[in-house]
Amino acid sequence: MIEHRLDPDLQTRLYTRMVLTRTFEEKIAELCREPGRMPGMQILANGQEAVAAGMVSALEPEDVIISNHRSHGHLLARGADLNALMAEIMVKGQGVNGGKAGTLHLSVPDLNILMTSTVVGAGPLLALGAAFAQQYKGSSGITVVFFGDGAAAEGSVHEAMNLAGVWKLPLLFVCENNCWAGAQRLEEHCATRHIFQRANGYDIPGRSVDGNDVEAVYNLGLELAAYCRSGKGPAFMEALTYRMRGHGEQDPQDYVDPKELERWAAKCPIRGYRQKLLKEGVLDDVQIQSIHEDAATRVEAAVAFGDASPYPGPETFLSDVFVQPPSV
Amino acid sequence: MIEHRLDPDLQTRLYTRMVLTRTFEEKIAELCREPGRMPGMQILANGQEAVAAGMVSALEPEDVIISNHRSHGHLLARGADLNALMAEIMVKGQGVNGGKAGTLHLSVPDLNILMTSTVVGAGPLLALGAAFAQQYKGSSGITVVFFGDGAAAEGSVHEAMNLAGVWKLPLLFVCENNCWAGAQRLEEHCATRHIFQRANGYDIPGRSVDGNDVEAVYNLGLELAAYCRSGKGPAFMEALTYRMRGHGEQDPQDYVDPKELERWAAKCPIRGYRQKLLKEGVLDDVQIQSIHEDAATRVEAAVAFGDASPYPGPETFLSDVFVQPPSV
Amino acid sequence: MSQKTFGQALNEALTIALEIDENVCIAGEGVGVSIHRDPNMPTHGLLEKFGRRRVKDTPVSEAAIAGLAVGASCMGLRPVVEIMFFPFITLASDMLVNHAGKLRYMSGGTSSFPLTVRVKAGVGFGAGCQHSHNLEAWVAHSPGLKIVWPSTPADAKGLLLSAIFDPDPVIVVEDLMLGRMSGDVPAGDIRTPLGQARIVSTGTDCTIVTYGAALYTVMEALTSLGDRGISCEVIDLRSLVPLDKEAILTSVRKTGRLVVVHEAIRFCGFGAELAAMVAEEAFDALKGPVKRVGAPQIPVPVAPTHEKMFKPGPEDVVTAVLGTMGK
Amino acid sequence: MSQKTFGQALNEALTIALEIDENVCIAGEGVGVSIHRDPNMPTHGLLEKFGRRRVKDTPVSEAAIAGLAVGASCMGLRPVVEIMFFPFITLASDMLVNHAGKLRYMSGGTSSFPLTVRVKAGVGFGAGCQHSHNLEAWVAHSPGLKIVWPSTPADAKGLLLSAIFDPDPVIVVEDLMLGRMSGDVPAGDIRTPLGQARIVSTGTDCTIVTYGAALYTVMEALTSLGDRGISCEVIDLRSLVPLDKEAILTSVRKTGRLVVVHEAIRFCGFGAELAAMVAEEAFDALKGPVKRVGAPQIPVPVAPTHEKMFKPGPEDVVTAVLGTMGK
Ligand SMILES: Cc1ncc(C[n+]2csc(CCOP(=O)(O)OP(=O)(O)O)c2C)c(N)n1
Ligand SMILES: Cc1ncc(C[n+]2csc(CCOP(=O)(O)OP(=O)(O)O)c2C)c(N)n1
Ligand SMILES: [Mg+2]
Ligand SMILES: [Mg+2]
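Chains as they are written, first to last, in my numbering: chain W, 1 to 328; chain S, 1001 to 1328; chain A, 2001 to 2327; chain D, 3001 to 3327.
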């Protein structure tokens, strides 16, 4: 892995992105506690911000992202509009998808956040097609797909790795191993401790990284993206991290040993990085504070925007099923 | 691998089983050339006899077999009744399944040949359930599932390996790598040359063996079956062999390099073993001849039996869908 | 007899089945340790009571879960597996449709598959079309599979017990929108026979056939229909396969009219079979068009406004009944 | 105009599509190198002509094949993928039903999926129920998917070309039992519009709606019906979704009778939708019961004797038509 010192601007950006994601998601968690405030299931990625910020920051604009049910960080790191994102999460008409995606199926094709599926394990198959299209068109872009340790048990992930391996597609598999799939811990649903090693069975380089170290993720992301971009074929990253808030906002996490939560809380990717940046003199307390305040202000504005937007009206209820609706 | 000298009776049995399978299948091939004689698709395993004979001979009666579209050898090695088998292949009423399975879906639950599926990759999932039942009941039996190199690309195989790995099921995966899946050669459909290595990604010991060497298959089969039987969990065998007659009897194999066919013809598992047994003095020419004649006689009798059996009549057309048919 | 929620009734059925038959075992994603510690969960407390041998949490592998059930049932167990939400049944559909439903026929009757699949259905919890997609018509079109859809806690218990001890594969649909509804549930090992519909209310002017949560939409409509002097006979199917054709035909021969109501998409939905069957077998009795109430041919939307439009309401039932009378 | 087999007509459509649009590519198991070197194969010779970049043989991975199509089409390609036999569509059904059909709706209209899936259907080649299981009703019940089923070589070409250039996902069913049938096929880039049925023969006494190979069973029955002085109007749907409701309703309003014929299982089959639709929307015109001809609710059997019983024959059509007349 390339271990060069990152540019301070980039470091600031990585920190800012993580903070924005955390602030954004903590606000959603707060809203979820107001009964009836947030429709649908809200699934957050607190604790996993470094994977999203690190990996997405290593991408080029032409690169395509396929996400899953824990997508907010991926979208925010890519620069999705906060207001339209929050409105969509609230299932409002001015949301990025007009209130037809909700929190689980967000997509922003303009930013090459091509698709988000909440069918666990579906992402890698969708990514296969996207990466094939890039190869077919001779594009310099690659496709990155995020999926969980639980998803790694779905047959789809295997089929995607095999075909990507045979065709040498520019496809970067990013497995966010957050130690849990619903209420099942890794040992209970996964026959290996090292998911990344499976990649070797498909002639794909597999690597693992501390998913709470944003720079490590960024560096490995850059390296593997370059590998894919060079035409050598797919690559696989397993980012070891932790899901701090339970599976979703209705999950009391009572099956988790509190000591485990404490241990991982101590490894908070944001606090850890803040200490590093302060120590390295990249940022000072005032700058840090302003980053946090900025995030809070933007998130508050997004909530206000979402609140002000109405639910989608009857006019879009039947539309968008087909591009060319049946004329008969 | 245990490399002990096999008992001459066993050696004779292995040879006899391979010869019977070859004779049986060559007869089917011959019948296929008579227009309209054999209904359905006939798919033969010429060249792969050593895998079936070697592996099945290493099993105990309580062990369960799950087979696929290339199943005749597995059934014959297990001792399935030749007449009823041939009748079923001809889709006749006196077949093992009353003419309702045909050549592709043969099962003989009495011999623990539990199920045969022609959906490629389905076997390992069915086997999961059988092995689970064995574990659940505390049986000493194990389950063996046969599937191809092509099947290894199906997601189902991955799901089966993962779950079997997590639950430590007594399940022996036997991948018959015959270099082809339909008209696609291994390199075109499989991202690795060594399918057995994938097993490591599921904490499953994976081993490869010369699938044209019946004793090697037998020995490894015995070893891996013992591993599964001991409660250590699943095991994986990749048997390297070759499909001599094309995918099915309608396949002219014109996409195969004739030199490749010649090379593998030279490695014929039956001829090779005959030479070895002659050299070792286990069998002499007379005995060999009588084995072949016996096989021919039994196969002729089976064809006569099949010919004499009528197609299933209308009385079984609607039956056997449910055990307890709807009373309303 | 005591008041139980749907979830509690299902839980009671699973408990009884596990108690009376050692061959019964439970498997699925989170059937043991769950993200919801909720006594309304059908599998609540089973792991604690019956242990890890019989209550198995699985990986997120729907095909494997179904394969497990097919293979284990063929070996004589009575597995009860869960596919979390109806749209995920796609991932299990090769195992269920091409194997559970067909292998017995192909075995010539030597094998059988006494398995049960529990699956959550329903529209209205805001998760959208990848979690909500009622596919009962798919199952019903697959030979060798039975399917039941209880609408009361008592039937939830009785049908689930019947399903588990039926010698054939049965899909048991659990309607999410009924999860917390309660009702009288008889104690002990009660069985609601498969293939017997329930006449919920008798009437003379129009037969309304429905199942699952849609029953309550129909019941809401009855008042308004009664106000107009229209008397409806309401049939809760309970079991879709086997189907109680006689109950439907007898009623339609009496009322001369039929309305079918379900929450699935109308186009090619299960209601189409009912309507077609009646138009074929009770045509002479029909006094007006057969009407179907169901969802439009679009994915289940996420927005509360859209979800409400998607789901048939009592007013749609009223309109349909009036429609059968040419009003 | 020249005589072509079904397979040749499909081959011509694929060739034209590949020639006129660089975004068209073909993928599937054996679509390049095949075990059948047969000019009747729709993909015959495409690899030689268009090369390995555009004609892709895949591993045996139906979910991946479908995912490939969904992902690539969302990026602007027009993938044409093959799922070998209809029952294997189960393995691709999550990708097709939960993704191809739904993602556009959930994107709020920003994404589209111009993909085509070719799938072989049909009963009668002796491979049994894991290779034969006509599931058009499943597809039709899945929002966002279109489905066509040509019954002539000309329509095979015209519908496949329309499907490939349609902006939405379309399933094209290729009826195995018609593979070697030949007929006139116009040259060039001809398109049969989706959603337009074809009146095959006009008549006054009964409307018969059908599609695929069943059309020829219906045509066989016409003679015997004609001998009895019964004049039938035969409609070949060609496209199931979108459905040409008007053609059906107009005809039934004229004849007053309807028989639906398909080779799929009758129970919850596509014919149920047609019968229900007519019983609802043209009830007043109906002079007799709506009859459906289809297969019994069992897996497709393997024995020639059983296969024959499974498949509707001309005599079943005659009986059904007589049935609509109370005879
Ligand atoms: C096919 C499918 N099965 C089950 C579910 C329900 N489900 C949603 S998330 C989840 C756990 C996924 O775990 P993992 O992939 O590790 O992702 P994480 O939630 O930990 O980010 C499950 C089982 C689903 N959405 N899709
Ligand atoms: C799910 C599925 N896809 C496709 C097929 C068609 N098919 C039958 S055998 C076969 C090739 C299988 O190759 P392999 O697993 O290597 O077995 P082999 O035929 O070489 O013994 C294919 C594609 C099928 N039967 N099932
Ligand atoms: Mg996880
Ligand atoms: Mg092979």
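We treat Cβ as the ideally placed atom computed from N, Cα and C, and that holds for glycine.
1. Across which residues does DSSP place ARG3078/D in a beta bridge pair?
2. Could you tell me if the beta carbon of GLY3030/D falls within a distance shorter than 7 Å of some heavy atom in ligand 5?
3. In chain A, what lies closer than 9 Å to THR118/W by C-beta?
4. Assuming the contact rule is C-beta atoms closer than 8 Å, ALA1133/S and GLY2076/A should be a hit. Round their C-beta distance to whole Å, please.
5. From the DSSP output, in three-state form, read off ASN2011/A for me.
6. Cβ-heavy atom distance between ASN3134/D and ligand 3 below 7 Å?
7. Using three-state DSSP, classify GLU1060/S as helix, strand or coil.
8. Ligand 3 and ALA181/W: does any heavy atom of the ligand fall closer than 7 Å to the residue's C-beta?
9. Which of the three DSSP states is assigned to SER3073/D in this structure?
10. Contact criterion: CB-CB distance below 8 Å. Does PHE2088/A meet it with respect to chain W?
11. I want to check one thing, is the minimum distance from the CB of ASN97/W to the heavy atoms of ligand 1 below 7 Å?
12. Please list, in chain order, the residues of the stretch 2145–2160 of chain A that have any C-beta partner in chain D closer than 7 Å.
13. Does the Cβ of GLU1030/S have 16 or more other Cβ atoms within 10 Å, making it buried, or fewer, making it exposed?
14. Would you identify the three-state DSSP class for MET1041/S, choosing helix, strand or coil?
15. Please report the residue range of the beta strand (DSSP E) in which ASP3057/D lies.
16. Given 7 Å as the limit, tell me if GLU151/W has its C-beta closer than that to any heavy atom belonging to ligand 1.
17. Can you tell me where the beta strand (DSSP E) holding VAL2200/A begins and where it ends?
18. Measuring straight from C-alpha to C-alpha, what distance separates SER3034/D and GLY1121/S?
19. Output, in chain order, the set of chain D residues within a Cβ distance shorter than 7 Å of HIS105/W.
20. Could you tell me whether the Cβ atoms of VAL2080/A and VAL2024/A are closer together than 8 Å?
21. Within its chain, find whatever has a CB closer than 6 Å to the CB of TYR171/W; leave out the 5 residues flanking it on each side and keep chain order.
22. If you follow the alpha helix (DSSP H) that ALA2247/A is part of, which residue opens it and which one closes it?
23. With burial defined as no fewer than 16 other Cβ atoms inside 10 Å of the residue's Cβ, what is the status of GLN3297/D: buried or exposed?
24. Please confirm whether any heavy atom of ligand 1 lies closer than 7 Å to the CB of HIS194/W.
25. Where do the ends of the alpha helix (DSSP H) carrying ILE1270/S lie?
26. For PHE1236/S, does the three-state DSSP call read helix, strand or coil?
27. Kindly examine ligand 2 and report whether one of its heavy atoms sits closer than 7 Å to the Cβ of GLU1176/S.
28. Hey, is PHE1147/S close to ligand 2, as in C-beta under 7 Å from one of its heavy atoms?
29. Over the uninterrupted alpha helix (DSSP H) stretch that includes GLN3003/D, give me the two end residues.
30. What residues of chain D sit near VAL2290/A, judged by a beta carbon separation below 8 Å?
31. In chain E, which residues lie with their C-beta within 7 Å of the C-beta of ASP1320/S?
32. Just list the alpha helix (DSSP H) runs in the stretch 2151–2202 of chain A, keeping only unbroken ones of 4 residues or longer that don't cross its boundaries, in chain order.
33. Going along the chain, which residues of its own chain have a beta-carbon closer than 7 Å to the beta-carbon of LEU2268/A, five neighbours each way excluded?
34. Can you round the beta-carbon distance between GLY1102/S and VAL3302/D to whole angstroms, since I take them to be within the 8 Å contact cut?
35. Should THR297/W be labelled buried (16 or more other beta-carbon atoms within 10 Å of its own) or exposed?
Answer, in terms of the structure:
1. According to DSSP, ARG3078/D bridges with VAL3024/D.
2. What this structure holds is ligand 1, ligand 2, ligand 3 and ligand 4, not ligand 5.
3. Near THR118/W (Cβ distances below 9 Å), the residues of chain A are ALA2127, GLY2128, GLN2130, HIS2131.
4. That belief holds up - the Cβ atoms of ALA1133/S and GLY2076/A are roughly 7 Å apart, short of 8 Å.
5. DSSP places ASN2011/A within a helical segment (H, G or I) once states are collapsed to three.
6. The beta carbon of ASN3134/D sits no closer than 7 Å to any heavy atom of ligand 3.
7. Reduced to three states, the DSSP call for GLU1060/S is coil.
8. Yes; taking the cut-off as 7 Å, the Cβ of ALA181/W has a heavy atom of ligand 3 nearer than that.
9. Three-state DSSP puts SER3073/D in a helix.
10. So, interface residue.
11. No; taking the cut-off as 7 Å, the Cβ of ASN97/W has no heavy atom of ligand 1 nearer than that.
12. Listed by position, the residues of the stretch 2145–2160 of chain A near chain D (Cβ gap below 7 Å) amount to none.
13. Exposed: under 16 other Cβ atoms inside 10 Å.
14. Residue state for MET1041/S is assigned as coil, using DSSP reduced to three classes.
15. Element bounds for ASP3057/D: 3055–3057.
16. According to the sequence displayed, residue 151/W carries Ala and not Glu. Yes.
17. From DSSP, the beta strand (DSSP E) with VAL2200/A extends over 2198–2201.
18. Taking the straight line joining both Cα atoms gives about 20 Å.
19. In chain order: MET3106.
20. In contact: VAL2080/A and VAL2024/A (Cβ atoms closer than 8 Å).
21. The amino acid occupying residue 171/W in the given sequence is Leu; Tyr does not appear at that position. Contacts found: ALA127, ALA131, THR143, ALA164, PRO234.
22. Looking at the DSSP string, the run of the alpha helix (DSSP H) that includes ALA2247/A is 2245–2255.
23. Per the 10 Å Cβ criterion, buried.
24. Not one heavy atom of ligand 1 falls within 7 Å of the beta-carbon of HIS194/W.
25. Taken as a continuous stretch (DSSP letters only), the alpha helix (DSSP H) holding ILE1270/S covers 1269–1279.
26. Strand.
27. Indeed, a heavy atom of ligand 2 lies less than 7 Å from the Cβ.
28. Yes.
29. Note, GLN3003/D: premise wrong, no alpha helix (DSSP H); beta strand (DSSP E) at 3002–3005.
30. The answer, in chain order, is ALA3276, ALA3279, GLU3280, PHE3283.
31. No chain E appears in this structure, whose protein chains are W, S, A and D.
32. Segments of the alpha helix (DSSP H) lying fully in the stretch 2151–2202 of chain A: 2153–2165.
33. According to the sequence provided, residue 2268/A is Cys. The question's Leu does not apply to it. Cβ neighbours of CYS2268/A within its own chain (closer than 7 Å, five residues either side excluded): ALA2137.
34. So it is a contact: roughly 4 Å between Cβ atoms.
35. Its Cβ having fewer than 16 others within 10 Å, THR297/W is exposed.
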